[in-house]
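Printed below as a string of C-alpha cells:
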C-alpha cells in the first residue's frame, strides 16, 4: 500500500488557486480509483491534461489466445527468445503475449529501445525486471529500476520505459488493481509487523519530471483496444503532486521469507494480489528445520487455480532435472496434480538452505496460451514425472 507522499510544488490547500511564476493557474488533475471512494493523488500541470488534438485507432499487438487443450502441464523457455535482429524492440509494443484470461494478460519483452508514451486505462500493470535496467519516466516523475525490481503502475499512469541496454521484462496487465495483500495491512493502510516487506522497501518518484513539447502522441490501452491520442502539450508537465496513488518499485531481494519447521504453503510467499490472481516471491531462504522434514513441496492439486512459475535465479530444487532453468516458466493447471521431480523429495532431506528465486502467478481462472508461449514451449515437459512419452 503506497503511503502518503508529497513531491515538488503544491499549494497549502487542495482545490485552491495555485499559480505559476507568470501568474497563470496550474491545472489540477485528480487521479483516483473506485470513483472518489479510494486512494488518489492530486497532480498540478503546467498545461491542460485534457487538451487533445487527434485520436486514431491502433492495431492491437497482443494477438489471440489458445486454450490449454489437451490439458497439460507445460514449460516454456523465455531464455530462448532473442531480441529482434532486424529492428530495436521497446517494452510496450514489443511485448509478446505469453498467457491470458479475462482477468489479466501476461507478456514478456526484450527491450532495447525507448518505448512510446503509453497509458493502460484498462487496469494496473506489474512489471518485473528479470535482467538489465531502465529509467521509467512517468507523469509523477522518474524511477530507476534494475534486475529484481517489481514496479506497480496504477491504472491510467502515462509512462515510458528507457532501457539501458537489453532489458528483459515480465509484465502483468490486470483488468483491475494490484497491491499488497490486505492481510499485510492495518485498517489504516500501514504494513503490519508480520508483513514480509514494508514501506521502507518501497521506492516512488522523488521529483517532478518536466518535459516540453507539442503535438505529443500517447498510446492508450482501453477496454475496446488501442487508441493513439495526440496531446497539445507534453503530459510530463507536472510541477508537483501529493497523495497515496503513484507508481512504486520494490526489489524481490527485500522480500523477507517466512519459514517454519515443516514445509510452508505458497501463501506465505504472497507479495501482491489482483483481480482473481495473486503473485508470490520465492526467495533464497533457510528451509524446514523439523528433524524429519522434507524441504521440497509435497504433491498438490490446486483445484481452483492455475499455477505459473517464472524461474529467475538460483536453482529451483523441486524441479531439478526437468529441463527448468533460469528464464523458464512452468504452467501447472487446475485439474493436474503436480509436485517435485522424481527423487527430489529424498534428495532434499537434510538440506537447510535453498538458493532459488522465482515469481509465481496463481490465477483463479484458467490461463490460455499466447503466441510468445506457443513459440518457446518445451514439448517434453509434461512427461518428466514419468520419464515416458505419450502412448509409450
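In the working numbering, the protein residues as written are 99 to 490.
We treat Cβ as the ideally placed atom computed from N, Cα and C, and that holds for glycine.
All values reported here derive from a predicted model rather than from experimental measurement.
Let me make sure I understand the geometry here. Which of the options has the alpha-carbon closest to that of residue i?
i           : options               : result
residue 283 : 261, 487 and 100      : 100
residue 470 : 356, 232, 193 and 134 : 193
residue 344 : 429, 253, 376 and 274 : 253
residue 422 : 447, 153, 277 and 478 : 478
residue 229 : 165, 323 and 209      : 209
residue 433 : 166, 385 and 130      : 166
residue 337 : 213, 189 and 146      : 146
residue 484 : 437, 467 and 466      : 437
residue 160 : 277, 138, 319 and 149 : 319
residue 448 : 190, 294, 391 and 142 : 391
residue 442 : 408, 396 and 465      : 396
residue 457 : 450, 474 and 427      : 427
residue 300 : 155, 348, 332 and 467 : 348
residue 358 : 365, 387, 475 and 169 : 387
residue 523 : 382, 200, 305 and 298 : Residue 523 lies beyond the range of the chain shown here (99 to 490); nothing can be said about it.
residue 269 : 466, 196 and 328      : 196
residue 217 : 323, 168 and 241      : 323
residue 362 : 132, 384, 377 and 440 : 384
Can you tell me where the beta strand (DSSP E) with residue i in it begins and where it stops?
i           : result
residue 469 : Taken as a continuous stretch (DSSP letters only), residue 469 belongs to no beta strand (DSSP E), being part of the alpha helix (DSSP H) at 469-472.
residue 228 : 223-229
residue 150 : 150-156
residue 380 : 375-380
residue 404 : 404-412
residue 179 : It is not in any beta strand (DSSP E) - residue 179 carries neither H nor E in the DSSP assignment.
residue 434 : That residue, residue 434, is in no beta strand (DSSP E); it is neither H nor E in DSSP.
residue 454 : 454-461
Give me the Cβ distance between residue i and residue j, rounded to the nearest whole Å; I'm assuming they're in contact under 8 Å.
i           : j           : result
residue 227 : residue 246 : 7 Å
I need the boundaries of the alpha helix (DSSP H) containing residue i, first residue and last residue.
i           : result
residue 446 : 442-446
Could you tell me whether the Cβ atoms of residue i and residue j are closer together than 7 Å?
i           : j           : result
residue 206 : residue 236 : no
residue 481 : residue 489 : no
residue 371 : residue 460 : no
residue 202 : residue 256 : no
residue 334 : residue 290 : no
residue 374 : residue 281 : no
residue 353 : residue 379 : yes
residue 153 : residue 186 : no
residue 467 : residue 164 : yes
residue 399 : residue 435 : yes
Return the chain-ordered ranges of every alpha helix (DSSP H) run that is complete within the region 261-299 and spans a minimum of 4 residues. The qualifying runs do not exist here; there are none.
Tell me the start and end of each unbroken beta strand (DSSP E) in the region 117-174 that is at least 3 residues and wholly inside, in chain order. Fully enclosed beta strand (DSSP E) runs of 3 or longer: 125-130, 138-143 and 150-156.
Write down every uninterrupted run of the beta strand (DSSP E) in the region 330-400 whose length is 3 residues or greater and which is fully enclosed by it, in chain order. Whole beta strand (DSSP E) segments, 3+ residues: 336-341, 346-349, 368-372 and 375-380.
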